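Q:
Chains as they are written, first to last, in our numbering: chain A, 1 to 187; chain B, 1 to 388.
(1) Going along chain A in order, which residues have a C-beta closer than 8 angstroms to the C-beta of residue 356 (chain B)?
(2) Let's see if you can read the secondary structure: which residues bound the alpha helix (DSSP H) around residue 359 (chain B)?
(3) With 8 angstroms as the threshold, decide whether the Cβ of residue 168 (chain B) is near any Cβ in chain A.
(4) Against residue 171 (chain B), what residues of chain A qualify as contacts under a CB-to-CB distance less than 8 angstroms, listed in chain order?
(5) Closer than 8 angstroms, CB to CB, is residue 23 (chain A) near chain B or not?
(6) Using the three-state DSSP reduction, which class does residue 179 (chain A) fall into: helix, strand or coil?
(7) If we count the other Cβ atoms within 10 Å of its Cβ and call it buried at 16 or more, is residue 27 (chain B) buried or exposed?
(8) Who are the near neighbours of residue 44 (chain A) in its chain, counting only those whose CB is closer than 7 angstroms to its CB and skipping five residues on each side?
(9) For residue 267 (chain B) and chain A, any beta-carbon pair shorter than 8 angstroms?
(10) Taking CB distances under 8 angstroms as the criterion, tell me whether residue 174 (chain B) reaches chain A.
(11) Alpha carbons only, please: which of B:238, B:268, B:296, B:322 is nearest the one belonging to residue 365 (chain B)?
(12) Go through its chain and collect everything with a Cβ distance to residue 36 (chain A)'s Cβ below 6 angstroms, but skip five positions before and after it.
(13) With residue 187 (chain B) as the anchor, note down where its alpha helix (DSSP H) starts and where it stops.
(14) Are the C-beta atoms of residue 158 (chain A) and some chain B residue less than 8 angstroms apart?
(15) Per DSSP, what are the beta-bridge partners of residue 98 (chain B) in this structure?
(16) Would you please state the rounded distance, in angstroms, between the beta carbons of residue 123 (chain B) and residue 134 (chain B)? I believe it to be under 8 angstroms.
(17) Apply the 10 Å Cβ neighbour rule to residue 222 (chain B) and answer buried if 16 or more other Cβ atoms are within range, or exposed otherwise.
(18) Suppose only complete runs of 4+ residues qualify. What are the alpha helix (DSSP H) ranges in the region 81-144 of chain B, listed by chain order?
(19) Taking buried to mean at least 16 other C-beta atoms within 10 Å of its own C-beta, is residue 257 (chain B) buried or exposed?
(20) Taking the beta carbon of residue 215 (chain B) as the centre, do at least 16 other beta carbons fall within 10 Å, making it buried, or is it exposed?
(21) Can you name the residues that DSSP bridges to residue 165 (chain B)?
(22) With a Cβ-Cβ cutoff of 8 angstroms, do residue 74 (chain B) and residue 21 (chain B) count as a contact?
(23) When the cut-off is 8 angstroms and only beta carbons count, does residue 163 (chain A) lie next to chain B?
(24) Where residue 54 (chain B) and residue 174 (chain A) are concerned, what is the direct C-alpha to C-alpha distance, given to the nearest angstrom?
(25) So residue 128 (chain A) and residue 171 (chain A) are supposed to be a Cβ contact under 8 angstroms. How far apart are they, rounded?
(26) Quick one: which residues of the region 253-286 of chain B get their C-beta closer than 7 angstroms to a C-beta of chain A? List them in chain order.
(27) In chain order, what residues of the region 94-114 of chain B put their CB closer than 7 angstroms to some CB of chain A?
(28) Is DSSP giving residue 54 (chain B) helix, strand or coil here?
(29) For the region 172-182 of chain B against the region 98-118 of chain B, are there 3 or more C-beta pairs whose distance is under 8 angstroms?
(30) Which chain B residues are close to residue 31 (chain A), counting only those with a beta carbon under 9 angstroms from its beta carbon?
(31) For residue 390 (chain B), count neighbouring C-beta atoms within 10 Å of its own C-beta (all shown protein chains included) and say buried if the count is 16 or more, exposed if not.
(32) Quick check: what's the CA-CA separation for residue 71 (chain B) versus residue 206 (chain B)?
(33) Within 10 angstroms of the Cβ of residue 208 (chain B), are there 16 or more other Cβ atoms? Answer buried if so, exposed if not.
(34) Quick check on residue 59 (chain A) - is its C-beta less than 8 angstroms from some C-beta in chain B?
(35) Restricting to runs no shorter than 3 residues, where is the beta strand (DSSP E) found entirely within the region 56-106 of chain A?
(36) Taking all protein chains shown into account, decide if residue 369 (chain B) is buried (16 or more other Cβ within 10 angstroms of its Cβ) or exposed.
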C-alpha cells in the first residue's frame, strides 16, 4: 500500500488533487481511497488531504501518520514546520518551489528522493491562476509513476470540460520541468 | 455495471436516483449536504423525475416526507446530527404511521461543543424511535444498503435509516460498483401501496388514539419490527443473488478457533479487520464481529455466534451517561444474559467527535479484551485515547 499526504491551502485544490489521483487509480482498475482532514474551510488556511493506493481492497479507515510521499502544493508552505513529520525513511517529498531539490536535503532528512517543480509559475502561465493542484500531479507522475498521463487527461476532460486542455498542458509542463534529487545517487 | 470512484455521500445519491424516488425533502447539514446537493442536481438536469421540496428545517423535511409517503410516494431524506435531533418527534410518527421512508443519516456528533465530525450519538439518541437502523461501512455498502433499504421499508412498512460515518465514509472517495439501472429497478419495482391518501380517498390519519386504542396501534409497529427480522434476511439474500455481493445482519471475520473478539459497528470494522489479521499472523486468536442491523438488533443470532467466545470487546462511538454502560454494549450484554457460558465483556468508548482511532488503539482494545478474558473480569468502560 502506498500512502500520500497532500499539503495545500484552502482553494488550491489539494483535496481535489488527492481525489483525482484516487479516481485515476480506480479507473485503471486498482484500489484507492481519497480523504481530507476537514476543518473550518477557509480560503488560504493550510489543509491536509490523503490518498491510499493498493492492489487490494482497502479496509483501513484510520488517518495516515506515516506517509510514503508528501506533496506540498503551496510554495510558501515549504518553509512551514511539520511537513516532514512521519515521512517514512526513504520516502519521497514533492515540492512546489522554484528552488533546487537538493536545497531541501537537510529539511527532509527522511526523504530518499526530493522533487521540485515551480508549479505556481506553470499554473499562472497555463491556467492564468495560481491553482497548483493539476501541475503538481505532473510532478507526482514523473517521480512516482502510479498512473498513466492519459488516465489523468481523460479525467480532466470529464471534469474541467472547457479548461481541460489548459490543465493537461499544466500537467505536461510540470512533468517535463520536475527536477529530482536522489539521496542514494548523491552520497 | 460500472466501476466508479465515488464518495459515500455520492454513492447514496446514485442509489436514490436508481431507486427512482418520487419525493425528496431535505434541509442541508454538514456532512450530509453533498447527498442532497447531488440529488437536486439530478432533479434539476432531468436525470431524476422527482419532486424536490426545499424546506426551512429538518422538522419540516421529515413532516413533508411523512405526508408524501402517506400518499404512496417513494420518499427519501437525508440528515446528520442536530438535523436528526430536530426530526425527533416526527421520527416516532413516521414509524407509527408505518411510512416506508428511507433516510441517510450521516453520523455526526451532537453539540456542544459544536462538532461536525463523526460519532454515533445522533443515531443512538433515536434508537427507540421505531426506525429500522442499518449501518454501512464503505461507499459500496452505502450504495447497496440504500437500494436494499427501499425494498425493506416498503415490504415491512417501516421507515429505514441508513447510517454512514461522517467524513470517514461520507467524504472518502473509493471504488463503487454501480449496477445497471434496469437491474436496480427490477429489484425494487415501484408498486402501488394500499390504503394511501389521494383526492379520491380522503381520511384522517394519526388523530387521537385514546388509551382504548393507542396500545394496540403502537404494538402493530412493534410487531412489524419483530417480523422484519426474517424479511430483512430474505431481502438481503435476494440482493446477494442478484448483485453478487454478500450482506447479512451480522458479519464475522476470523472466527475459526477464536478466543476473543472485538465487536464494532460502522466504518471502524475495516480497521478492526486489518488489525485482527495482523494479530492472527502473530498467533493471537482474535476475531471481529460487526453489526449491520442495529434495529432490529439480531439478538438470537448474535448469542449463537458469541456464546462460546471467551471474551468480547465492544466498541461504542456513543455514550449513555449515567447508564449501566454504552448503547451497543447494553444490547450485546442483554442478549448474552441467557447463554449458558457467559463471555467476559469489555466495553470501549472510542472516536467521539471524530477523534481518530488508530491501529495502535485497536491493538490495545484487542489486548485489553484478551486480558479481561484471561483474568475473568473486565474493567469499567475504557475511554480510548482520552487525554488527562
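Ideal Cβ placement from N, Cα and C applies to all residues, glycine included.
In this text, all values refer to a predicted model and were calculated from it rather than measured experimentally.
A: Concretely, from the data shown:
(1) Here residue 356 (chain B) refers to the residue found at position 356 when the second chain is read from its first residue. In chain order: 62, 63.
(2) Taking the first residue of the second chain as 1, we reach residue 359 (chain B) at position 359. Residue 359 (chain B): member of the alpha helix (DSSP H) spanning 359-375, first to last residue.
(3) Reading the second chain from its first residue, position 168 is the one you call residue 168 (chain B). Chain A, which has a Cβ nearer than 8 angstroms to the Cβ of residue 168 (chain B), makes this yes.
(4) Within the second chain, numbered from 1, the residue matching residue 171 (chain B) stands at position 171. Neighbourhood of residue 171 (chain B) in chain A, by CB distance below 8 angstroms: 35, 36, 38, in chain order.
(5) What you label residue 23 (chain A) is simply residue 23 of the first chain in a count that begins at 1. At least one chain B Cβ lies under 8 angstroms of residue 23 (chain A).
(6) The residue given as residue 179 (chain A) occupies position 179 in the first chain. If DSSP states are grouped into helix, strand and coil, residue 179 (chain A) belongs with the strands.
(7) The count along the second chain starts at 1 and reaches residue 27 (chain B) at position 27. Its Cβ being crowded by 16 or more others within 10 Å, residue 27 (chain B) is buried.
(8) The count along the first chain starts at 1 and reaches residue 44 (chain A) at position 44. The answer, listed in chain order, is 9, 10, 11.
(9) Taking the second chain and counting its residues from 1, the one referred to as residue 267 (chain B) is at position 267. Yes - at least one Cβ of chain A is within 8 angstroms of the one on residue 267 (chain B).
(10) Walking along the second chain from the start, residue 174 (chain B) turns up at place 174. So, interface residue.
(11) The residue given as residue 365 (chain B) occupies position 365 in the second chain. The candidate whose alpha carbon is nearest that of residue 365 (chain B) is B:268.
(12) The sequence position of residue 36 (chain A) within the first chain is 36, counting from 1. These residues qualify, in order along the chain: 15, 49.
(13) Taking the second chain and counting its residues from 1, one reaches residue 187 (chain B) at position 187. Residue range 181-187 is occupied by the alpha helix (DSSP H) that includes residue 187 (chain B).
(14) Taking the first residue of the first chain as 1, we reach residue 158 (chain A) at position 158. It does not; no Cβ of chain B falls within 8 angstroms.
(15) Taking the second chain and counting its residues from 1, one reaches residue 98 (chain B) at position 98. Under DSSP, no beta-bridge partner is assigned to residue 98 (chain B).
(16) Taking the first residue of the second chain as 1, we reach residue 123 (chain B) at position 123. Taking the first residue of the second chain as 1, we reach residue 134 (chain B) at position 134. So it is not a contact: roughly 10 angstroms between Cβ atoms.
(17) Here the question's residue 222 (chain B) lines up with position 222 in the second chain. Looking at its Cβ environment, which holds fewer than 16 other Cβ atoms inside 10 Å, residue 222 (chain B) is exposed.
(18) 81-86, 88-96, 121-125, all fully within the region 81-144 of chain B.
(19) Counting from 1 along the second chain, the entry for residue 257 (chain B) is found at position 257. Exposed.
(20) One-based indexing of the second chain puts residue 215 (chain B) at position 215. Classification for residue 215 (chain B): exposed.
(21) Here the question's residue 165 (chain B) lines up with position 165 in the second chain. Residue 165 (chain B) is bridged to B:107.
(22) If you number the second chain from 1, residue 74 (chain B) lands on position 74. If you number the second chain from 1, residue 21 (chain B) lands on position 21. A contact, by the Cβ cut-off of 8 angstroms.
(23) For the purposes of this step, residue 163 (chain A) is identified with residue 163 of the first chain, where counting begins at 1. No, its Cβ sits nowhere closer than 8 angstroms to a Cβ of chain B.
(24) Start at 1 with the first residue of the second chain, and residue 54 (chain B) comes out as number 54. Start at 1 with the first residue of the first chain, and residue 174 (chain A) comes out as number 174. Taking the straight line from one Cα to the other gives about 45 angstroms.
(25) Within the first chain, residue 128 (chain A) is the residue found at index 128, counting from 1. Within the first chain, residue 171 (chain A) is the residue found at index 171, counting from 1. Rounded, the Cβ-Cβ distance is 16 angstroms, inconsistent with contact.
(26) The residues in question are 267, 268, 270, 271, 273, 274.
(27) Of all residues in the region 94-114 of chain B, none has a Cβ within less than 7 angstroms of some Cβ in chain A.
(28) Mapped onto the second chain, residue 54 (chain B) falls at position 54. DSSP, read as helix, strand or coil, puts residue 54 (chain B) in strand.
(29) With the cut-off at 8 angstroms, the region 172-182 of chain B and the region 98-118 of chain B do not touch.
(30) The count along the first chain starts at 1 and reaches residue 31 (chain A) at position 31. In chain order: 174, 175.
(31) Residue numbering for chain B in the displayed model covers 1 to 388; residue 390 (chain B) lies beyond these limits and cannot be assessed.
(32) In the second chain, residue 71 (chain B) corresponds to position 71, counting from 1. In the second chain, residue 206 (chain B) corresponds to position 206, counting from 1. Between residue 71 (chain B) and residue 206 (chain B), the C-alpha separation is close to 14 angstroms.
(33) Reading the second chain from its first residue, position 208 is the one you call residue 208 (chain B). Exposed.
(34) Stepping through the first chain from its first residue, residue 59 (chain A) is reached at position 59. Put simply, the CB of residue 59 (chain A) is near chain B, with a gap under 8 angstroms to one of its CB atoms.
(35) As far as the region 56-106 of chain A is concerned, its whole beta strand (DSSP E) runs of at least 3 residues are 69-72, 91-96.
(36) Sequence index remark: in the second chain, residue 369 (chain B) carries index 369 (1-based). It is buried - the Cβ of residue 369 (chain B) has at least 16 other Cβ atoms within 10 Å.
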